[in-house]
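Novice:
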C-alpha cells in the first residue's frame, strides 16, 4: 500500500506586518500650545506572499501611503512589527537598512515629479546602483540598463534623452526600470497609474503584471481606483481612517463584501452591463470622518455607520476571520 504524500505546506510570507502603528506630531495650536499626536495608522496587520499582489484601498487620508512608506522603513513605526524574508526589520538601521533596501523598492505616484529633469534616462536608472555601490560609473551598467529599458517597453535610444522627451506613461516606465535596477523581490507601487491618462493606465498595469510573472515580484499596490485594483490584485485590503476593516481574496471581496464601508466603496464601481448598472444602488453614508488627532474610542466608522451600536462607539473590533481568508473588523456583520 502506498503511503499518502503529505500536502505541501504554504510558502512563508515574504512580508508580515503585525500590529503596526504610526503616529505623527502635528503643529501646536496657539502660542502656548503643545504639539499633538496624530495617529495615522493603528493596529495594521497583513501578510504578503511571494509573487502576490496585495491591493491596498481607501479614501484620501486613510493611511495607504503611510503604510507603504512604513513597510519600506522610510518612516518610523510607533509600535508593531515588520518582518521581511523572515527577519524582523522594524528597528534595523545603518548598513543593515541600506542592504535591506536593495530588495524593497518604490514606484512613485507622479512620473513628472519623481524624475530629475536634469538627468538623462541612463543616469536615472543607474542611480540606485551608484547609491548602493554596485557600480562606480554609469557606463559599467550600460548593457544592463539597455535590457531594463527593453523589458519595460522603451527603445534603446532612450538612454541619452531627458524626461521631458517622454509621455507620462513612458516616464512611469522609466520609474519602473529604476525600481527594477537593484533586482528587488518586493515593490510598493504607490498610486502608480493615478496621474496617467486613462488610455495608458491599462498598459502600465499590464506591464507590471508581466514583470511580476517574469521576475517573481511581490507588489503592495496602493490605489483608490477599485477597477484597477481588481484587475491587478490577488487579495485586497480596505483601510478606513488608519485602520484595516476588511481583507479577502479579490473576487471574494468584490462579490461578497461584508463591512458596511467596503459595501459603500464597491457600490461606486461601474459595471460593464448597462442593465445591471441601472439596477444597482449607490450606497452613500453621511456623518463625519473622525478626527485622527482625537479619534473616537471605538470603531472609527461608527460616526457614519447605520449599524453602529453602543458597543461600536466604545470598543474597536479586531479583524476576525468570517470565512477562509476573509477577515472583517465589524461587531454587527
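Residue numbers (the working numbering): 108 to 440.
For glycine and all other residues, C-beta sits at the position ideal for the given N, C-alpha and C.
As the structure is a prediction and not an experimental result, all values here were calculated from the model.
#1: For residue 210, which of 287, 357, 238, 426 has the nearest alpha-carbon?
#2: Within the segment 204 to 258, note down every full alpha helix (DSSP H) run reaching 4 residues or more, in order along the chain.
#3: Considering only the alpha carbon of each residue, which of 240, 175, 231, 176 lies closest to residue 202?
#4: Near residue 128, which residues of its chain fall below 8 Å by C-beta distance, leaving aside the five closest residues on each side in sequence?
#5: Within 10 angstroms of its Cβ, does residue 204 collect 16 or more other Cβ (buried), or is it exposed?
#6: Going by DSSP, name the residue or residues bridged to residue 131.
#7: Spatial neighbours of residue 347 within its chain, please: CB distance less than 7 Å, with the 5 preceding and 5 following residues excluded, ordered by chain position.
#8: Residues in the same chain with beta-carbon distance under 7 Å from residue 175, minus the five sequence neighbours each way, listed in chain order, please.
#9: With H, G and I counted as helix, E and B as strand and the rest as coil, what does DSSP make of residue 263?
#10: Count the other CB atoms within 10 Å of the CB of residue 274; is the residue buried (16 or more) or exposed (fewer)?
#11: Leaving out the 5 sequence neighbours to the left and right, which residues in its chain are closer than 6 Å to residue 279 when beta-carbon positions are compared?
#12: Using the Cβ count rule (16 or more neighbours within 10 Å means buried), how would you classify residue 375?
#13: If you draw a straight line from the C-alpha of residue 393 to the C-alpha of residue 412, how long is it?
#14: Do residue 426 and residue 88 count as a contact pair if the criterion is CB distance below 8 Å?
#15: Using only CA atoms, which one of 255, 431, 361 lies nearest to residue 232?
#16: List the endpoints of the continuous beta strand (DSSP E) containing residue 347.
#17: Can you name, in chain order, every residue of its own chain whose Cβ lies under 6 Å from the Cβ of residue 438, other than the five neighbours on each side?
#18: Please determine, among 161, 434, 224, the residue with the shortest C-alpha to C-alpha distance to residue 342.
#19: Between residue 371 and residue 390, is the Cβ-Cβ spacing less than 8 Å?
#20: Among 123, 431, 349, whose alpha-carbon lies nearest the alpha-carbon of residue 167?
#21: What is the C-beta distance between residue 207 and residue 199, in whole angstroms, given that I count them as a contact (C-beta under 8 Å)?
#22: Hey, residue 159 and residue 325 are a contact pair by Cβ (cut 8 Å); roughly how many whole angstroms apart?
Specialist: Based on what the coordinates show:
#1: If you number the chain shown from 1, residue 210 lands on position 103. It is 287.
#2: 228 to 238, 249 to 258
#3: As a position in the chain shown, residue 202 is number 95, starting the count at 1. Looking at the Cα atoms, 240 is the closest of the given residues.
#4: Counting from 1 along the chain shown, the entry for residue 128 is found at position 21. Counting only Cβ-Cβ distances below 8 Å, and skipping sequence neighbours, we find 146, 148, 149, 150, 151, 184, 185, 186, 187.
#5: Walking along the chain shown from the start, residue 204 turns up at place 97. Per the 10 Å Cβ criterion, exposed.
#6: Here residue 131 is taken as the residue at index 24 of the chain shown, counted from 1. DSSP, once it has assigned bridges, lists 145 as partnering residue 131.
#7: Taking the chain shown and counting its residues from 1, the one referred to as residue 347 is at position 240. The residues are 165, 169, 368, 407, 408.
#8: Numbered from 1 along the chain shown, position 68 holds the residue referred to as residue 175. Residues 295, 297, 327, 329 of the same chain have their beta carbon placed closer than 7 Å to that of residue 175, with the five preceding and five following residues left out of the count.
#9: By one-based count along the chain shown, residue 263 stands at place 156. The answer is helix: DSSP assigns residue 263 an H, G or I state.
#10: On the chain shown, position 167 is the one that residue 274 refers to. Residue 274 comes out exposed.
#11: Position 172 of the chain shown holds residue 279. 218, 311, listed in sequence order.
#12: As a working note, residue 375 is residue 268 in the chain shown. It is exposed - the Cβ of residue 375 has fewer than 16 other Cβ atoms within 10 Å.
#13: In the chain shown, counting from the first residue as 1, residue 393 sits at position 286. In the chain shown, counting from the first residue as 1, residue 412 sits at position 305. So the two alpha carbons sit approximately 8 Å from each other.
#14: No answer is possible for residue 88: the residues shown for the chain start at 108 and end at 440.
#15: Stepping through the chain shown from its first residue, residue 232 is reached at position 125. Of 255, 431, 361, the residue nearest in Cα terms is 255.
#16: Against the chain shown, residue 347 aligns to sequence position 240. That run of the beta strand (DSSP E) goes 342 to 347.
#17: Translated into the one-based positions of the chain shown, residue 438 becomes position 331. Taken in chain order, the residues that qualify are 418, 419, 424.
#18: Residue mapping note: residue 342 aligns to position 235 of the chain shown, counting from 1. Taking only the C-alpha atoms, the option nearest residue 342 is 161.
#19: Residue numbering aside, residue 371 sits at position 264 when the chain shown is read from its first letter. Residue numbering aside, residue 390 sits at position 283 when the chain shown is read from its first letter. Yes; because the gap between Cβ atoms is below 8 Å, this pair is in contact.
#20: Within the chain shown, the letter at position 60 stands for residue 167. Closest by alpha carbon: 349.
#21: One-based indexing of the chain shown puts residue 207 at position 100. One-based indexing of the chain shown puts residue 199 at position 92. The pair is a contact, with the Cβ atoms about 6 Å apart (cut-off 8 Å).
#22: Walking along the chain shown from the start, residue 159 turns up at place 52. Walking along the chain shown from the start, residue 325 turns up at place 218. So it is a contact: roughly 6 Å between Cβ atoms.
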